[in-house]
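The structure appears below as structure tokens.
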Amino acid sequence: MKIIRNTMNIADLYKYYTDEELIINKEYQRERGLWPNNSRSFFIDTIIKGFPFPKITLLQKIDLKTKRSIREIIDGQQRCTSIIDFIDNKFKLSKISSEYPNIIFSELSDDDKSNFLSYEISVDTAVGASRDEVIEIFRRINSYTLPLNKPEQRHATYQGYFKWFIKDVIERYTPILEDYKILSQRDISRMIDADLFTELCQLIIEGIVTRSVSKLDNLYKINDKDFIYGDEIKSKLFLTLDFIKTELKDLLEKELLSGFNFYSLFAALLYNNWGIKNINSEIIDGLLPIGKFCNNTNESISEIINMLSEVDEKVEDGEYSEFVKSSLKTTHSVSNRINRTKFFIKALQKV
Numbered sequence: 042m043k044i045i046r047n048t049m050n051i052a053d054l055y056k057y058y059t060d061e062e063l064i065i066n067k068e069y070q071r072e073r074g075l076w077p078n079n080s081r082s083f084f085i086d087t088i089i090k091g092f093p094f095p096k097i098t099l100l101q102k103i104d105l106k107t108k109r110s111i112r113e114i115i116d117g118q119q120r121c122t123s124i125i126d127f128i129d130n131k132f133k134l135s136k137i138s139s140e141y142p143n144i145i146f147s148e149l150s151d152d153d154k155s156n157f158l159s160y161e162i163s164v165d166t167a168v169g170a171s172r173d174e175v176i177e178i179f180r181r182i183n184s185y186t187l188p189l190n191k192p193e194q195r196h197a198t199y200q201g202y203f204k205w206f207i208k209d210v211i212e213r214y215t216p217i218l219e220d221y222k223i224l225s226q227r228d229i230s231r232m233i234d235a236d237l238f239t240e241l242c243q244l245i246i247e248g249i250v251t252r253s254v255s256k257l258d259n260l261y262k263i264n265d266k267d268f269i270y271g272d273e274i275k276s277k278l279f280l281t282l283d284f285i286k287t288e289l290k291d292l293l294e295k296e297l298l299s300g301f302n303f304y305s306l307f308a309a310l311l312y313n314n315w316g317i318k319n320i321n322s323e324i325i326d327g328l329l330p331i332g333k334f335c336n337n338t339n340e341s342i343s344e345i346i347n348m349l350s351e352v353d354e355k356v357e358d359g360e361y362s363e364f365v366k367s368s369l370k371t372t373h374s375v376s377n378r379i380n381r382t383k384f385f386i387k388a389l390q391k392v
């Protein structure tokens, strides 16, 4: 067996298929049926915009009847099928493709068609491989990936409105989490950013709760076919994150925020502007919502930096001892989340 590594443009891939020189062997297919339309649309959008996707693996062999070389797809059947079906106008791009919604291939501009067809796919071709070797290739391809964690499982399982909304939120706001070291690059590579943004959506509609994997799973499930609280979540989430990004930049640049305190900061901003469904003023020392995010941005930033600095230095007997203690252990419990949020609310309401 020999492995040849090269590239193939989509025009050649399509010609091989129409000439019956590219075979889709369902024996190697991991998933039943076709990808949902949102998944196919996102994949096609990836190609149109020139982003990379994982290589495909082919088996090359000789068809003795036709005396021609043919190729079987070992890995990448859904990708190849989506490409071929799109060229054949078999499906429209969904709204997931923000620049090309409800478009079929024939409706693309000539430039977009040309770019699509000339897109280079990375290809590994196994030449002269036996059936056992092909099975071993397929097994090894699938064994390289890490087991999926919960956020990755959600994004693999659900293909509806909420999953793609979170995808949009990631594209808009994950740079904040990465640039200011709120999450590590490894965290982001394992979709912990998706988990955090999902919890912020949960916070908007349910209030502050103890972190629960099953409840986050359910949020994807109930909003898969219809985004029930879509308008409220989008408005409050985007307005609050935009405020953090623009008005609290001096705080972000200190790189003192962790993921769990980003959650509590968001909760405090949410409470100040709109209130939180399961939080009343008695829980937070009589402080009421003020109809805006904060009273004095500079004063608030200064106070929050002092709070977070004591967390960073683990000062458990200082001015913010309760805040520090609730930031050092069981950080996702409802009691510690509320306690930290209370301190952020006080800081944001300083005049």
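So for the sequence shown, our numbering puts the first residue at 42; every next one is plus one. Where is the CB? At the ideal position from N, CA and C, for every residue including glycine.
Could you tell me which of the options sits nearest to residue i, measuring between CA atoms?
i	options	result
I137	D165, K204, K56 and D152	K204
L293	N313, L349 and G332	L349
E354	F385, S368 and L63	S368
N337	E363, L310, K318 and G316	L310
A221	A167, D291 and S374	Looking at the sequence itself, residue 221 is Tyr, so the reference to Ala does not match. The shortest C-alpha separation from Y221 is found at D291.
V352	C335, S343 and N302	N302
T122	I51, P142, P330 and E148	I51
I45	T166, P93, I317 and T107	T166
E344	I88, F146 and K387	K387
Y261	G332, N339, K383 and P192	P192
R109	E61, S253 and D151	E61
P142	S82, F94, I124 and D153	S82
T59	P93, D126, K286 and I182	D126
I89	D358, T107 and I124	I124
G316	G332, F132, D326 and G327	G332
I145	D151, I128, S230 and Q194	I128
F206	S276, I229, K154 and S155	S276
R213	P330, L280 and G359	L280
H373	V254, G359, G327 and G271	V254
K154	N130, D173 and E360	N130
L306	G359, S139 and N377	N377
Are residue i and residue j touching if we call contact CB-CB under 8 Å?
i	j	result
L105	A170	no
I304	L241	Correcting the residue type first, residue 304 is Tyr in the shown sequence and not Ile. Yes.
L298	I379	no
I112	L63	According to the sequence provided, residue 112 is Arg. The question's Ile does not apply to it. In contact: R112 and L63 (Cβ atoms closer than 8 Å).
V30	T251	In this structure the chain extends from 42 to 392, so residue 30 is not present and cannot be described.
T382	A308	yes
N313	L244	no
K318	E247	yes
Q200	S362	no
R120	F92	no
I162	L54	yes
L289	I342	yes
E340	K391	yes
K56	V168	no
If I'm right that residue i touches residue j with Cβ under 8 Å, what's the distance once you round it to whole angstroms?
i	j	result
N66	I114	7 Å
V365	L278	Rounded, the Cβ-Cβ distance is 28 Å, inconsistent with contact.
L218	D234	5 Å
I117	I97	The question names Ile, but residue 117 is Gly in the sequence shown. With 8 Å as the limit, G117 and I97 qualify as a contact, their Cβ atoms being about 3 Å apart.
S135	N78	5 Å
F284	F334	5 Å
I346	K295	6 Å
R20	D258	Residue 20 is absent from the structure shown; the chain starts at 42 and stops at 392.
Whole runs of the alpha helix (DSSP H) within the stretch 173–243, excluding any shorter than 4 residues: Here the runs fully enclosed are 191–198, 202–220 and 226–230.
Where are the beta strand (DSSP E) runs, 3 residues long or more, that stay fully inside the stretch 280–334, in chain order? Those beta strand (DSSP E) runs which fall completely within the stretch 280–334 and span 3+ residues do not exist here.
For the stretch 256–270 and the stretch 317–324, state whether three or more C-beta atom pairs, one from each stretch, are separated by less than 8 Å. no
Alpha helix (DSSP H) segments (min. 4 residues) lying fully within the stretch 50–132: 51–59, 78–89 and 118–128
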